[in-house]
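Note sheet for the following structure.
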Amino acid sequence: MRRTPLIPVAVAALSLLATALAPAANAADGTLVADGLVSPLKVAVATDGTVYVTQNFAGLLTEVAPGGDPEVIYADEAHREIGGVSVSGDVVTFTATGGPTDAAVYTYTPNGDGWDQAEIADTGLYEKTHNPDGTRTYGIRGLSKACKRSIPKDNREGMVAYGGIKDSHPYATTTVGDTTYVADAAGNDILAVGPGGEISTLALLPPVKATVTKKLRKGWGLPKCTQGKTFKGEPVPTDIEVGPDGNLYVTTLGGRLGEVAPVGSVYQVALATGTVTLMKGGLYTPTGIAISPTGTAYISLLFPGVVMQQPLGGDASPLAEVPYAADVEYGTGGVYVTSADLEGDPADPHGQVLLFPAGG
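Residue numbers for the sequence shown, in this note's numbering: 515 to 874.
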């Protein structure tokens, strides 16, 4: 994707929720699992209750044993962003991103004395050689040359029509059998990594479409000549989870449009065919999803700071209010949520992992 931030900076532009909701538990009602973390954007929970949490911008992967203190088990020497953590059995899978084509997926396997690390997929190389969304056009098409010139230079990127670029940012993973599935936030796709390290594109996520209204135009600082045009934004997948039905479920942020409008979505992706089906739309910055064995979905909304719950066939309601609710995971004891502390001081971090009772 165009290098707009994965975590947008326009926090003040977002309202809490599109609709009024019943009161939710607040962060103080959760059990503290870990504290003092730098940008904990992804979390995974093993069957024995061990928690693995990324400290993305610090380039760290942290383990929290039940009742124990956080312990860094991996620090990236190249200071790449560490994210996309998941766990299957005793194997921990995580991602590292250092640039548009410097991105990879790794496994960490305990060996008794420590961990054995293995690279299982070079998503940067795959993006460089395949660029699955390269035939797509994003931004606003049909603008005259004069209109393009009237857009402030620092605002043209991502607005004037462009093709999908070679950019990989593996941001979430899950494993089914011997295949690892990767949500690539910059590639706008779901990748499948086979046991031999072969990579294939399972699905491309749909672009986000919106008419440039007067309100949207002013919010983006665009000239009048863009009003009435259609904007196509990159979907930006942010999390991936396998449901009890055997399908994948993916949250999408909505790219630049997601900075100013509730265009985040949840999609179902069929494992057998890669067919993409919209399950829920109209969300503000959904960055995490978890699904219980009974089919209850939990969705973390980053900037509203809310974790939603929706039983299979039921209505959505808030589970908890957590500042910068970055990720959610269903596991031993309930629902784990990361509070990312995005406005905090990295020298005095207060990112947390909290545990709430499951609502379904």
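Glycine included, C-beta positions come from ideal geometry on N, C-alpha and C.
Note that the structure is predicted; figures quoted are calculated from it, not measured.
Quiz item: E748: which of L762, G768, G873 sits nearest, CA to CA?
Solution: Taking E748 as reference, the option from L762, G768, G873 with the minimal CA-CA separation is G768.
Quiz prompt | Beta-bridge partners of T623, as assigned by DSSP | solution = The beta-bridge partner set that DSSP reports for T623 consists of D630.
Quiz item: Candidates Y838, P860, S831: which alpha carbon is nearest A872's?
Solution: A check of alpha carbon separations from A872 across Y838, P860, S831 identifies S831 as the nearest.
Exercise. Take S806 as the anchor and find which of G796, L826, T789, S814 has the nearest alpha-carbon.
Key: Closest option to S806, Cα to Cα, is L826.
Quiz item: In or out: S658 buried (at least 16 other Cβ within 10 Å) or exposed?
Solution: Looking at its Cβ environment, which holds fewer than 16 other Cβ atoms inside 10 Å, S658 is exposed.
Self-check item: E671 versus I654 - alpha carbon distance
Solution: Rounded to the nearest angstrom, the two C-alpha atoms are 11 Å apart.
Exercise. Per DSSP, which residues does F870 bridge with? Please list them.
Key: The partner list for F870 (beta bridge, DSSP) reads V849.
Self-check item: Proximity winner among T740, T568, G581, Y695, relative to V726 (alpha-carbon distances)
Solution: That would be T740, whose Cα lies nearest to the Cα of V726.
Quiz prompt | Same chain only: Cβ atoms within 7 Å of Q631, ignoring 5 sequence neighbours per side | solution = Here the set comprises Y620, Y622.
Self-check item: Distance between Y844 and V780 (C-alpha atoms, nearest Å)
Solution: Rounded to whole angstroms, V780 to Y844 spans 17 Å at the Cα level.
Quiz prompt | C-beta atoms of G638 and D616 nearer than 8 Å | solution = With respect to the 8 Å criterion, G638 and D616 are classified as neighbours on the basis of their beta carbons.
Quiz prompt | Contact between the region 705-721 and the region 643-654 (3+ Cβ pairs under 8 Å) | solution = Output reads yes: the region 643-654 touches the region 705-721.
Quiz item: By how many angstroms is the C-alpha of Q824 removed from the C-alpha of A854?
Solution: Going by the C-alpha atoms only, they are around 23 Å apart.
Exercise. For K662, I'd like the list of residues in its chain whose CB is within less than 8 Å of its CB, leaving aside the five on either flank, ordered along the chain.
Key: So the qualifying residues of the chain are R670, V674.
Quiz prompt | Under 8 Å between C-beta atoms of P584 and A548 | solution = Closer than 8 Å, so yes.
Quiz item: Where does the unbroken beta strand (DSSP E) through K794 begin, and where does it stop?
Solution: Start and end: 790-797.
Exercise. Measure the CB-CB distance between L868 and T545 and report whether it falls below 8 Å.
Key: The Cβ atoms of L868 and T545 sit closer than 8 Å to each other.
Quiz item: Among N702, G708, G711, P776, which residue has its Cα nearest to the Cα of T752?
Solution: For T752, the closest alpha carbon among the candidates N702, G708, G711, P776 is that of N702.
Self-check item: Residues near G677 in its chain [Cβ-Cβ closer than 8 Å; skip 5 each side]
Solution: Contacts found: G648, T649, R650, T651, Y652.
Exercise. Might you give, ordered along the chain, the residues of its own chain that have their beta carbon closer than 7 Å to the beta carbon of M636, omitting 5 neighbours on each side?
Key: Reading the sequence as shown, one finds Asp at residue 636 and not Met. Excluding positions up to five away in sequence, the list reads A618.
Self-check item: Alpha-carbon spacing of K732 relative to P800, whole angstroms
Solution: Distance between the alpha carbons of K732 and P800 is about 24 Å.
Exercise. Can you give me the Cβ contacts of Y838 inside the same chain, cut-off strictly under 7 Å, excluding the 5 residues immediately before and after it?
Key: Scanning its chain for C-beta atoms nearer than 7 Å, with the 5 sequence neighbours on each side dropped, one finds around Y838 the residues L816, G819, S853, A854, D855, L856, in chain order.
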